[in-house]
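Counting from 1, position 1035 in the sequence shown corresponds to residue 1047 in the numbering used here; the numbering is continuous, with no gaps.
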Amino acid sequence: MRFNYLNLRAFGHFTDYEINFDPSKNFHLIYGLNEAGKSTALRSINYFLFGFPQQTMDSFLHGNTKLRIEGALQNTKGETVQFIRRKGKKNTIMDTNGNVLNDSVIDEFLHGISEDHFTSMFALNHETLREGGESLLESGGNLGESLFSAASGISVLRKVFEELEKKSADLYKKRGSTPELNKLLKEEKELRKEIAGYQLKVQAWKELEGKYKNGKKEIENLISDVKELRGEREKIQRVKLTLPKIAKVRELRNKVADLGEVPSLPDNIEELRKEMVQRLASATKEKKKAEDEYKETQKELEEITIPEGLLEQETLIDALYRELQSYQNNGKQAPVLEAERKLLEARVMSFMKEIDSTQARLEFIDKYRLPLSKKGGIRELCKERPLLDQALQQNEDGRREIERDLKVKEEEYFSFPEPPNIEELENVIDTVKRAGDIEETLKIRINENNQKEQLLKEEIKQLPLWSGTYKELVELSVPVLAETIKKYEQEYSGILKDLEKIDEQIVIQTESIVNYEEQIRNLEALTEIPSEEKLLSIRSYRDQGWQFIRTKLQQGDLDDQALAEYTDGKKIESVYEKLVTDADAVADKMRSEAEKVGAKKKHLDDIKRCKDKMMELEQKKDELTTAFADWEKSWDKLWESTSIKPLTPNEMKEWVVKYGQIKGIFHDFEKEQKAIRELENKIAQYKQSLINVLISLVVVDQQKTLAELLRIAEKQQRKVNEDWNKRTRLEDSISGINHRINNLAFRNKELYLKLEGWKDQWLEAIHGTNIKDTTSVDVAEKIVQMYEECTKAYDELIIVEKSHNSILEQISHYEERVHNLFNSISLSFDENAVDIIVNELNAKLGRAKEDKVRSIELSNQLKRLETTIKEAVFEIDTAESYLNSLMIQAKCSNIEELAKVEKMFIEKKGYENRIRTIEEELIDIGSGLSLHQITEEVDQFDWDSIKVELEEINRKLNEIEPVRSELEQSYGVIKKEFEEKIQGNNTSSVLAEQKKESLHAKLADLTDRYIQIKLASTLLQKGIEYYRNQNQDPILKRASELFARLTLQSFTDLIVDYDEKDQAVIMGIRDNGEKVSIDGMSDGTTDQLYLALRIASIEKYGTENEPIPFIVDDILVHFDDVRSKETLEILLELSKETQMIFFTHHSRLVEIMKELATKDQYQLTELNSKEAVIV
13 MRFNYLNLRA
23 FGHFTDYEIN
33 FDPSKNFHLI
43 YGLNEAGKST
53 ALRSINYFLF
63 GFPQQTMDSF
73 LHGNTKLRIE
83 GALQNTKGET
93 VQFIRRKGKK
103 NTIMDTNGNV
113 LNDSVIDEFL
123 HGISEDHFTS
133 MFALNHETLR
143 EGGESLLESG
153 GNLGESLFSA
163 ASGISVLRKV
173 FEELEKKSAD
183 LYKKRGSTPE
193 LNKLLKEEKE
203 LRKEIAGYQL
213 KVQAWKELEG
223 KYKNGKKEIE
233 NLISDVKELR
243 GEREKIQRVK
253 LTLPKIAKVR
263 ELRNKVADLG
273 EVPSLPDNIE
283 ELRKEMVQRL
293 ASATKEKKKA
303 EDEYKETQKE
313 LEEITIPEGL
323 LEQETLIDAL
333 YRELQSYQNN
343 GKQAPVLEAE
353 RKLLEARVMS
363 FMKEIDSTQA
373 RLEFIDKYRL
383 PLSKKGGIRE
393 LCKERPLLDQ
403 ALQQNEDGRR
413 EIERDLKVKE
423 EEYFSFPEPP
433 NIEELENVID
443 TVKRAGDIEE
453 TLKIRINENN
463 QKEQLLKEEI
473 KQLPLWSGTY
483 KELVELSVPV
493 LAETIKKYEQ
503 EYSGILKDLE
513 KIDEQIVIQT
523 ESIVNYEEQI
533 RNLEALTEIP
543 SEEKLLSIRS
553 YRDQGWQFIR
563 TKLQQGDLDD
573 QALAEYTDGK
583 KIESVYEKLV
593 TDADAVADKM
603 RSEAEKVGAK
613 KKHLDDIKRC
623 KDKMMELEQK
633 KDELTTAFAD
643 WEKSWDKLWE
653 STSIKPLTPN
663 EMKEWVVKYG
673 QIKGIFHDFE
683 KEQKAIRELE
693 NKIAQYKQSL
703 INVLISLVVV
713 DQQKTLAELL
723 RIAEKQQRKV
733 NEDWNKRTRL
743 EDSISGINHR
753 INNLAFRNKE
763 LYLKLEGWKD
773 QWLEAIHGTN
783 IKDTTSVDVA
793 EKIVQMYEEC
803 TKAYDELIIV
813 EKSHNSILEQ
823 ISHYEERVHN
833 LFNSISLSFD
843 ENAVDIIVNE
853 LNAKLGRAKE
863 DKVRSIELSN
873 QLKRLETTIK
883 EAVFEIDTAE
893 SYLNSLMIQA
903 KCSNIEELAK
913 VEKMFIEKKG
923 YENRIRTIEE
933 ELIDIGSGLS
943 LHQITEEVDQ
953 FDWDSIKVEL
963 EEINRKLNEI
973 EPVRSELEQS
983 YGVIKKEFEE
993 KIQGNNTSSV
1003 LAEQKKESLH
1013 AKLADLTDRY
1023 IQIKLASTLL
1033 QKGIEYYRNQ
1043 NQDPILKRAS
1053 ELFARLTLQS
1063 FTDLIVDYDE
1073 KDQAVIMGIR
1083 DNGEKVSIDG
1093 MSDGTTDQLY
1103 LALRIASIEK
1113 YGTENEPIPF
1123 IVDDILVHFD
1133 DVRSKETLEI
1143 LLELSKETQM
1153 IFFTHHSRLV
1163 EIMKELATKD
1173 QYQLTELNSK
1183 EAVIV
């Protein structure tokens, strides 16, 4: 698609402003100074294609309804559409005849491209170019984002991602508390708890119901009493208001009756009477004034007189007066022309005598007229002769000068030795240069390798368990595989987990024992709880005492020592008696505290069970500890070959990974060292080659670098080439000089032949003139000039004679017309003074015309005055007739009586109006009662008793009010309690449910938004990846070529690399092979990269779709001249595929374009306030 033309019929400050796009050219450079309308023209393209926006700043000259843009589009098939776009909501597309067109007509040419798509992809200015460069920087050169951003024109892609991420985080975070969804979910959870807490409570509701009903009935009775008292009070207050008004009405009715019978007159009788009296007086005065004026006008008309026949000759008098100045000028000019004629005649005779005195007469003038060809031939020959003489002299001088040059050049040539052959030198230089700056490459690689070695050392320092060098480390045999470490790690974890479980169980059993002991202490807090063991122990001790007693009773003697130990020196009877009592007491205690005894026994059993379990666990722990010791031995043995005391398997797994990374770095280091050695060998080889070829030419220092040797070789190459070139130039110069000498000899011969030819032509040219063949060319030229001036003076003489005769004829004719006019009118004048006669006639004619106009005006004025008099008489009759009819209605005979009756009528009318007003007021305050009812109501009351009755009613209401207020307050409390008890806080529950529903609605809405944002981010990412996969290779390849050109080969290529996150990114390649990330590029370079990607995308789009014009607005404001020129050349190439419209207000770009391209390749259009000029 392309634009054929745009016509800003009514848009901005333009009116019918047409911009044509030459169909034979595809690059259109549109130049305009500031304020010329460049921005307006840019906006018109968008509005023309997609319609006007609702608000536009381009309607300051033409109203919104008048805005119009016309244009024509053409597709690649040659189909065209011409239409007009107007501002409106619908039917905005029309053909040139004003007929409405369907929007689909344009869609067929745009192929579904929206305004946003067009603006972002096919329009570019310096601001969006800068934004595009910044977007590349923000994305870190991400391949997918960079390609998609450049193709779509969306320069804020990274910001879009960040905005989507921020929006989703503002809505929900997995463990957040401040995002909206998190807050709502927490609120909803608390609300569910609140709803669950509302339960129906119906305690003592019957008693409460009785209080509720009794209170309600008491309040209703009180309200009824209040209503009745208030109704009575309102009635008395109404009577208090209406009573004075009714009295006033009765008073006014009496006054109306006192006036008696008054004739009925119009409501505005006073105005009518005054108006008619005024009209009668005014008409009478107007009539008298018109009659006086009529008399004066008639008198003035009779005094006007116009000369007879003067006005009939108006045309002739006007013509004579207009020609009077010409007549007077002719009278002055005639003697001047006569004098000029005589002077010219004398001049002609003088020339004739000077040329040939024998024939100096006017009748022989034709003999002095030389033909134009003869004069031209003589003059041409006069010019040629000096040139021929000069050419002969110059030719001879040139020959002598060239012969001197030839001698110098030949001497120089024979003294110059033949230079040596340097073919081998050139071959070696070419080989070295093709290798590039390998010394710099070597230096960079050595530096990088040193950094790798430093990295190795740093990594070794950070590697635990190792204190040797990196070389010793890489030679270390580490046969341990990842699966082996994994097996040991599982065993290690399993043993530790089992130990942890056993320790946990031991802690649990210990805590259980402490807990059971605590419970026993709680049981014995008030009294000791005896155990079965204690009872058995007391009984056993008691039975031992019984054995002593029984022994004594049966045998009579005891073992005194044993007895003393048992009784502790006390009597056996007392000790035994106490033991019996204690045993019975413990048994009684056990019976009375049987429940506690049983609990204590259970706790003691539990304690025993826990201790048994702990012993079992301790045994298992010992077994696991032994197993762990065996595992440690096996693990240490696994690493014996490395002389490393290993850490845990998990740590050693990390160690092995680190070891592998160090080995990788070491292998890269060794590989780089090998490359460095190769480069060093190659440098040495190149140096030797250069030295070998330079030895024969110059003394060479073998310690110099390759670059220095290359510079010496190139210097020698240039020197030898310059010597060869100098020798060749001398040969060419000598050959050229010889050629020029031959040419000069031939030229000399030609010039002598031309001189002979000139002489023959000269004799032929002067034949028949008074010029001799010996006359010099300068004199001959003066004679020819004299011939010309003589005939020219004679021609001027003839013209002057004709002018003089013509003037005399005009004077005679004018005077004849004046005399004829004088004879046709009856006026006396001096016949000899023609100019005075014409002036006086013109003055009299002017006065006669004025008198004629004045007489007509006066006649018309008389007619108007007659009409005015008639109208005044009619007005008088009308006023008198109306006043008579008013007097008849008022039943009186004159104006004075009419005024008295009028006064009585107005007074009566005033009383009646006041009565009506008061009655309306009574209706308004009567609370819907009729006038009759209000009157009857008032008659029931005595004015003096109204105040007393009102005070009594107010007193009763004031007494009731506190009682009612107190009842309502107590009832309100009971009512609230009653409703809450009956309804079980149902209102609160309903409100909580409503709040919950509202929360659910908000949650649903926010959830939808969260899902949409997440989906948008995912779909955008997928779309970018899809676009990258489809377009990476063709676009990146083309963009690489364009980028190299735009950066003037500062970058030679673009490649795809991977960053630390393994994401594909674009990298620039310097001419020395160095990779540069987007972060390492300048602002200008990122702009150029974005432009390269955009142009490559547009080219690819054009190959697959209908091409769309590319609209550019001053994108080169930050480019220097060299880069601007290269960019314009690229855009010129792009214009071969799609239409290119480039707007600018920088004249320098116009100059660059003129240097870069021919007029056939582009169209230059200059904008100004009147029209678009194609330059």
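Glycine included, each C-beta is placed from N, C-alpha and C at the ideal position.
I'd like the span of the beta strand (DSSP E) that includes Ala1076, first residue to last. One-based indexing of the sequence shown puts residue 1076 at position 1064. Element bounds for Ala1076: 1076-1082.
Suppose contacts are defined by Cβ-Cβ distances below 8 Å. Is Glu887 in contact with Ala293 by that definition? Mapped onto the sequence shown, residue 887 falls at position 875. Mapped onto the sequence shown, residue 293 falls at position 281. No, the Cβ-Cβ distance between Glu887 and Ala293 is not below 8 Å.
Mind checking which residues open and close the alpha helix (DSSP H) that includes Ala796? Residue 796 sits at position 784 when you count from the first residue of the sequence shown. What sits at residue 796 in the sequence shown is Val, not Ala. Segment 789-836, the alpha helix (DSSP H) holding Val796.
Would DSSP call Phe640 helix, strand or coil? As a first step, residue 640 is located in the sequence shown; it is residue number 628 there, counting from the start. Looking at Phe640 - three-state DSSP - the assignment turns out to be helix.
Cβ shell of Gln873 (< 6 Å), same chain only, five flanking positions each side left out: By one-based count along the sequence shown, residue 873 stands at place 861. Cβ neighbours of Gln873 beyond the five flanking positions: Thr309.
Of the choices Arg859, Ile57, Asn459, Glu1145, whose alpha-carbon is the least far from that of Glu19? Sequence index remark: in the sequence shown, residue 19 carries index 7 (1-based). Checking the displayed sequence, the identity of residue 19 turns out to be Asn instead of Glu. Among Arg859, Ile57, Asn459, Glu1145, the Cα nearest to that of Asn19 is on Ile57.
Please report the residue range of the alpha helix (DSSP H) in which Gln340 lies. Against the sequence shown, residue 340 aligns to sequence position 328. Residues 326-367.
What's the gap between the Cα of Tyr210 and the Cα of Glu221? Stepping through the sequence shown from its first residue, residue 210 is reached at position 198. Stepping through the sequence shown from its first residue, residue 221 is reached at position 209. For Tyr210, the pLDDT reaches just 49, beneath the cut-off of 50, and the residue's location in the model is therefore unreliable, although a value from the coordinates is still provided. Roughly 22 Å between the two C-alpha positions.
Measuring only between beta-carbons, confirm whether Asp863 sits less than 8 Å from chain D. Of the protein chains in the structure, only one exists, and it is not chain D.
Buried or exposed: where does Val950 fall if 16 or more other Cβ atoms within 10 Å of its Cβ makes it buried? The residue labelled residue 950 in the question sits at position 938 within the sequence shown. Buried.
Can you tell me the Cβ-Cβ gap for Leu284 and Pro275, rounded? I've got them flagged as a contact below 8 Å. The sequence position of residue 284 within the sequence shown is 272, counting from 1. The sequence position of residue 275 within the sequence shown is 263, counting from 1. The Cβ separation is near 14 Å, so there is no contact.
Could you tell me the alpha carbon to alpha carbon distance between Leu418 and Asp409, rounded to whole angstroms? For this step, residue 418 is matched to residue 406 along the sequence shown. For this step, residue 409 is matched to residue 397 along the sequence shown. Their Cα atoms are separated by approximately 15 Å.
Three-state secondary structure (DSSP) of Leu673: By one-based count along the sequence shown, residue 673 stands at place 661. One point to set straight first is that residue 673 is Gln, not Leu, in the sequence displayed. In the structure shown, Gln673 sits in a helix (DSSP, three-state: H, G or I).
Counting beta carbon pairs with one atom in the region 801-816 and one in the region 355-371, are three or more of them shorter than 8 Å? yes
For Asp70, count the other beta carbons within 10 Å of its own beta carbon; 16 or more makes it buried, fewer makes it exposed. Which is it? Taking the sequence shown and counting its residues from 1, one reaches residue 70 at position 58. It counts as buried.
Where Arg55 sits in the DSSP three-state scheme: By 1-based counting over the sequence shown, the position of residue 55 is 43. In this structure, Arg55 counts as helix in the three-state DSSP scheme.
Quick one: Cα of Val214 to Cα of Asn194, how far? The residue you call residue 214 lines up with position 202 of the sequence shown. The residue you call residue 194 lines up with position 182 of the sequence shown. Bear in mind that the predicted position of Val214 carries a pLDDT of just 37, short of 50, making it too unreliable to give a figure here.
Would you call the CB atoms of Arg926 and Leu234 closer than 8 Å? Locating residue 926 in the sequence shown gives position 914, counting from the first residue. Locating residue 234 in the sequence shown gives position 222, counting from the first residue. Contact: no.
List the DSSP bridge partners of Leu322. Within the sequence shown, the letter at position 310 stands for residue 322. In the DSSP output, where bridge partners are listed per residue, Leu322 has none listed.
Have a look at Lys247 and Tyr224 and give me their C-alpha separation to the nearest angstrom. Mapped onto the sequence shown, residue 247 falls at position 235. Mapped onto the sequence shown, residue 224 falls at position 212. Between Lys247 and Tyr224, the C-alpha separation is close to 35 Å.
Going by DSSP, which residues form a beta bridge with Gly83? As a first step, residue 83 must be located in the sequence shown, where it is residue number 71. In DSSP, Gly83 forms a bridge with Leu18, Phe95.
In the structure shown, what three-state DSSP assignment does Gly24 receive? The count along the sequence shown starts at 1 and reaches residue 24 at position 12. Of the three classes helix, strand and coil, the one that applies to Gly24 here is coil, per DSSP.
Please report the residue range of the alpha helix (DSSP H) in which Thr1139 lies. As a working mapping, residue 1139 is identified with position 1127 in the sequence shown. 1133-1146 is the span of the alpha helix (DSSP H), which, as asked, contains Thr1139.
Would you list the residues sitting across from Ser524 in a DSSP beta bridge? By one-based count along the sequence shown, residue 524 stands at place 512. Answer is none; Ser524 lacks a bridge partner.
Given 8 Å as the limit, is there contact between the region 1147-1165 and the region 1096-1115, that is, 3 or more CB pairs closer than that? Counting Cβ pairs under 8 Å, three or more are found: they touch.
Could you give the first and the last residue of the continuous beta strand (DSSP E) run that contains Asn109? For the purposes of this step, residue 109 is identified with residue 97 of the sequence shown, where counting begins at 1. It is not in any beta strand (DSSP E) - Asn109 carries neither H nor E in the DSSP assignment.
For Arg1050, which residues from the same chain have a beta carbon less than 7 Å from its beta carbon, with the 5 sequence-adjacent residues on both sides left out? The residue you call residue 1050 lines up with position 1038 of the sequence shown. Correct list, in chain order: Ala1108, Glu1111.
Burial state of Asn38, where buried means 16 or more other Cβ atoms lie within 10 Å: Mapped onto the sequence shown, residue 38 falls at position 26. With 16 or more Cβ atoms within 10 Å of its Cβ, Asn38 is classed as buried.
For Lys1171, is the classification buried or exposed, using 16 other Cβ atoms within 10 angstroms of its Cβ as the cut-off for buried? By one-based count along the sequence shown, residue 1171 stands at place 1159. Taking every protein chain shown into account, the CB of Lys1171 has fewer than 16 other CB atoms within 10 angstroms, so this residue is exposed.
Does Ser362 pass the burial test, meaning 16 or more other C-beta atoms within 10 Å, or should it be called exposed? What you label residue 362 is simply residue 350 of the sequence shown in a count that begins at 1. It is exposed - the Cβ of Ser362 has fewer than 16 other Cβ atoms within 10 Å.
Could you have a look at Glu5 and say whether DSSP puts it in helix, strand or coil? Residue 5 lies beyond the residue range present for the chain, which begins at 13 and ends at 1187; the question has no answer from this structure.
What did DSSP end up calling Ile1153 once you bin it into helix, strand or coil? Within the sequence shown, numbered from 1, the residue matching residue 1153 stands at position 1141. Strand at Ile1153.
For Ala135: DSSP bridge partner residues: One-based indexing of the sequence shown puts residue 135 at position 123. For Ala135, which the question treats as bridged, DSSP gives the partners Ile1123.
Helix, strand or coil at Tyr1174 according to DSSP, with G and I counted as helix: Taking the sequence shown and counting its residues from 1, one reaches residue 1174 at position 1162. Three-state result, Tyr1174: coil.
Which term fits Gly676, buried or exposed, when burial requires 16 or more other beta carbons within 10 angstroms of its beta carbon? Taking the sequence shown and counting its residues from 1, one reaches residue 676 at position 664. So Gly676 counts as exposed.
Pull up the CB-CB distance for Val789 and Arg397, whole angstroms please, since I reckon it's below 8 Å. As a working mapping, residue 789 is identified with position 777 in the sequence shown. As a working mapping, residue 397 is identified with position 385 in the sequence shown. Indeed, because the Cβ distance is near 5 Å, the residues count as touching under 8 Å.
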